[in-house]
Amino acid sequence: SLFWILVWGERFGSMRYLMRLEHFLEQTPPEYPRVSVLVAACNEAATIEKALESLLELDYPDYEVVVVNDRSSDETGAILDSLARPGLVVVHNHQLPSGWLGKNHALHLAARRARGDVLLFTDADVHFEPSALKTAVAAMANLRVDHLVMVPTIETEGFWEKSLIGFFTFLFGTRFRPELVHRDPRYFVGVGAFNMVRRRVYEEVGGHEAISLQVADDLMLGKMVKQGGFSQVFLAGQRFARVRWVVGLGGLVRGLEKNAFAGMEFSVSQTLIGCLGLLVVTWAPLLCGRAGLLPLGLMLAGAVLHNRRIELPGWSGLTFPLASLVLNYTILRSMLLTLWRGGIWWRGTFYSLRELRSQPISFWT
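Each residue of the sequence shown is one higher than the one before, starting from 144 at the first, in this note's numbering.
Put into structure tokens, the structure is as follows:
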């Protein structure tokens, strides 16, 4: 009982510091700096056209969109060429140098082509509202920060998506404490859907060259910014952007295949301890009979409130114990496949575990 009282008390207590992008809708910055929106696209034919159209319709006076078609084997390149218009720069990349992950290299190329004073890194499947960029720039100026991270609406359908996304966001928030990054130098955050950073800061911390082999490049960019002594803020921006992160249970399991073990720093011991801890805190109340009723009630009540806060149905919070089993399976599967294969497959390219471990990774310091 005490554990869940502390967990939820701390989580909901710190949530009072969470700011929302909509609070800056009426703000006007002293100037509108030139912004470069940077996108890496590898085999994104199913989503790239609508996502790019939303970017090209942003209500902002001075911006460009730079898209790198990174070795796509589908119609991504043709779709990008068909969208040609002023303000859109398309780069067709056919090579991947050693020592790079494909996405990281593509974003590096995009940053080199960019002409903006502010760089917005985003994904090829994110859909923006027209006011998103202008409001984000106003927030960056008003808060006087160097790195602005925004979380969009994560669109979900069906039982499994709602259950697992709710549980995953709870774990992410508990670990990284994004609502506190602007107040506490110990915490950092990054979100691939919306990482906006001042160009001078990006270059000073080393850009994507410094994280060329990091699977979680978005988080590690945030870490570099904070370690460099620069300011950072995390905003809830559900009104301004949306993304369908995974499709169904299979989509989540496969989607985390490359990320889950990396999230445990490719450490077997850290993975096993983490999975065991996850099982204990979510299943012990269920297995303790009457003695577990109070902690079970506290866990589920907090989960329901948490999920409603992030615009998921309250019932999905009741599935936390089940979601923990699925996530444990996903993490262990990721570890075993990575060890068995000796690395990870990502968008048709194999990256060896030895190479991935050659660039130190830590989410804890």
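We put the beta carbon where it would ideally sit given N, CA and C, even for glycine.
Endpoints, the beta strand (DSSP E) within which glutamate 207 is located:
206–213
Taking the beta strand (DSSP E) that methionine 442 falls in, what are its first and last residues?
Unbroken run through methionine 442 is the alpha helix (DSSP H), 436–452; no beta strand (DSSP E).
Helix, strand or coil for histidine 251, going by three-state DSSP, please let me know.
helix
Can you give me the Cβ contacts of arginine 256 inside the same chain, cut-off strictly under 7 Å, excluding the 5 residues immediately before and after it?
Val209, Val232 and Val234
Can you list, in chain order, the residues of its chain whose CB lies under 7 Å from that of leucine 161, leaving out five sequence neighbours each side?
Glu322 and Ala379
Three-state secondary structure (DSSP) of tryptophan 303
helix
Give, in chain order, every unbroken run of the beta strand (DSSP E) that is at least 3 residues long and sits entirely within the region 317–357.
338–341
Ordered along the chain, which non-local residues of its own chain (more than five positions away) have a Cβ less than 6 Å from that of methionine 283?
Leu291
From phenylalanine 373 to histidine 449, what does the alpha carbon distance come to, in whole angstroms?
30 Å
Given this structure, state the Cα-to-Cα distance separating cysteine 431 from threonine 473, to the nearest angstrom.
26 Å
Beta-carbon separation of arginine 382 and glutamate 298 under 8 Å?
no
Between the alpha carbons of valine 288 and glutamine 375, how many angstroms are there, rounded?
6 Å
Could you check how far apart the C-beta atoms of glutamate 498 and leucine 364 are, in whole angstroms? I think they sit under 8 Å.
In fact, because the Cβ distance is near 20 Å, the residues do not count as touching under 8 Å.
What would DSSP say about tryptophan 388, mapped onto helix, strand or coil?
coil
Sheet register partners of threonine 414 (DSSP bridge):
According to DSSP, which records beta bridges pairwise, threonine 414 is partnered with nothing at all.
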